[in-house]
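With the numbering used here applied, the sequence shown covers 40 to 461.
First up is the structure itself, then whatever we jot down about it.
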Amino acid sequence: MGLFDKVKGFFKSKEDKKEEGLSEKDVARKEKKSVLEAESVVEPIEENDTESEPEPDPEPEPDPEPDPEPDPDPDPDPEPDPEPDPDPDPEPELDPEPDPDPESEPDPEPELDPEVKIELKTKKERLDAGLRKTKESFFGRLARTVAGKSTIDESALDEIEEALISSDIGVETTIRIIEKLEERVERDKYINTSELNNFLAEEISLLMQDSYDEIPDIDEPYVIMIVGVNGVGKTTTIGKLAHQFKQQGKKVVLGAADTFRAAAVDQLVIWAERVGVDIVKQDMGSDPASVAFDTIQSAKASGADVVIIDTAGRLHNNVNLMRELGKIRSVMGKVILEAPHDVMLVLDASTGQNAIEQAKQFTSATEVDSIALTKLDGTAKGGVVIGISDQFKIPVRYIGVGEGVNDLQKFNKEEFVESLFN
């Protein structure tokens, strides 16, 4: 083994060292890798620790949350504060306030009867109040017409004519008044406002019909049959009439012959209870003539003084309903020979010319003995009273100048004209 072996041995030992060196390096790398892996494992743990450490930071955040919690705690404290609010137990002492409650009930309203005795308002005061709107409208325009004029010329006559028509006196009645005024002006053109008012008052009073006297004293009940369209105030008029007759000491019986509307019967029953008079009624849909017949028989048997029969509202152009009025009249006459003694047409004055048209149609379809004009207090069309009285030559027996039970007044043309012009 000479030189060759030495050389071989040299290279072999170097290879061994190289292999050993590679293995050491590999070992070192592996160790380093394992260390790094271990560190990498430890590091996330440390990161978790650090993450968990900031987590207590949000924990103080819920700490302010309990801070608002004490805020609601004082809220219940004021809640007992409203509890002392109910402490004013004297407020339930307001229980005696039900005293005004009966005042609002319709039952005590008949207590208005004693108010009549007190006469808080005279008849004239109620009439003046009821005609106030008509007076202001008519005379306001009339004053403007003659203001600053020393004579009544054609222009003034035209304006006076328009003022009369605007008050719903009616065209026919207005023409009559203007013709009379023209005759007066021909004799004396120098007429002042006061003289003009006096002249108009005189002419209007002459054109109107006198209202007839009190109910005659007869042995049998005096029968009044109420007619008219719906909504004019027939039921209310009946109730107020019953009140007046009872105040006069008369025994009154009402007949609910409007069997088409349940409300009509119910309203009449309420009025009968309020006023304290008897009422005869039947089931809905019953024959109205049968109700009228029973009412008059009952009134006659009980010795009543006055009978007031309500009838269904009907339009003048409803032939069947208008014929029904004739049937009711005929049935009444079988019990009391001359019944009904008064067929009263109820008209709403606030409808103006429409009221005149209704009067025209009803008087042509059936006999009408008297007229009651309602709701004068709510309109400036009070002149319709003059037109109806003049055109149909039928006495206006009652006028409604308010909602009170005593505001249905017997019509007196002198009092009416005086209230209108003075």
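C-beta: ideal position from N, C-alpha, C; glycine also.
This one's a predicted model, so the numbers in the text were calculated from it and none came from an experiment.
Euclidean distance between Cα positions of residue i and residue j
i: E221; j: K449; result: 33 Å
i: I453; j: S244; result: First, the residue type needs correcting, since residue 453 is Glu and not Ile in the sequence shown. About 7 Å.
i: D381; j: K373; result: 16 Å
i: E234; j: K289; result: 45 Å
i: V271; j: L386; result: 6 Å
i: V423; j: R215; result: 15 Å
i: L170; j: L360; result: 34 Å
i: F332; j: V262; result: 11 Å
i: G267; j: K273; result: 7 Å
i: D256; j: L196; result: 48 Å
i: A328; j: P379; result: 12 Å
i: F460; j: V210; result: 20 Å
i: I309; j: A411; result: 21 Å
i: E201; j: K163; result: 28 Å
i: G467; j: V370; result: Lying before the first or after the last residue shown, residue 467 is absent from the chain, which here runs from 40 to 461.
Whole-number beta carbon distance between residue j and residue i, since they are thought to touch under 8 Å
i: K420; j: D167; result: That pair is no contact at about 17 Å.
i: I217; j: V224; result: With 8 Å as the limit, I217 and V224 do not qualify as a contact, their Cβ atoms being about 10 Å apart.
i: S250; j: N445; result: Incorrect: roughly 18 Å between the Cβ atoms, too far for contact.
i: K228; j: I191; result: 6 Å
i: D258; j: G294; result: Their Cβ separation, rounded to whole angstroms, is 20 Å, which puts D258 and G294 out of contact at 8 Å.
i: S389; j: G417; result: 6 Å
i: I265; j: T275; result: 11 Å between Cβ atoms; not a contact.
i: T212; j: L246; result: 6 Å
i: V291; j: V345; result: 5 Å
i: V456; j: I433; result: Going by Cβ atoms, the distance from V456 to I433 rounds to 18 Å, so no, they are not a contact pair.
i: T334; j: V358; result: That pair is no contact at about 25 Å.
Where the alpha helix (DSSP H) containing residue i begins and where it ends
i: L415; result: That residue, L415, is in no alpha helix (DSSP H); it is neither H nor E in DSSP.
i: G324; result: Run containing G324: none; DSSP gives neither H nor E here.
i: Q400; result: Q392 to A404
i: V358; result: V358 to V374
i: K285; result: K273 to Q286
i: D167; result: K162 to G169
i: V440; result: Premise fails: V440 is in no alpha helix (DSSP H) and is neither H nor E.
i: E222; result: V210 to R226
i: E253; result: Element bounds for E253: n/a, residue is neither H nor E.
i: N237; result: T232 to L246
Beta-bridge partners of residue i, as assigned by DSSP
i: D317; result: V292
i: L384; result: V266 and I410
i: V435; result: I410
i: D349; result: I265 and A295
Where the beta strand (DSSP E) through residue i begins and ends
i: L447; result: L447 to K449
| Are at least three pairs of beta-carbons, each pair with one atom in the stretch 422–429 and one in the stretch 392–412, less than 8 Å apart? | At 8 Å Cβ cutoff, the stretches touch.
| said: Is it the case that the stretch 325–338 contacts the stretch 266–286, given that we only count it when at least three CB pairs across the two stretches are under 8 Å? | reply: Taking 8 Å as the limit for Cβ pairs, the verdict is that the stretch 325–338 does not touch the stretch 266–286.
| Can you find at least 3 beta carbon pairs, one from the stretch 365–372 and one from the stretch 299–319, that sit closer than 8 Å? | Three or more Cβ pairs closer than 8 Å define a contact, and the stretch 365–372 falls short of that threshold against the stretch 299–319.
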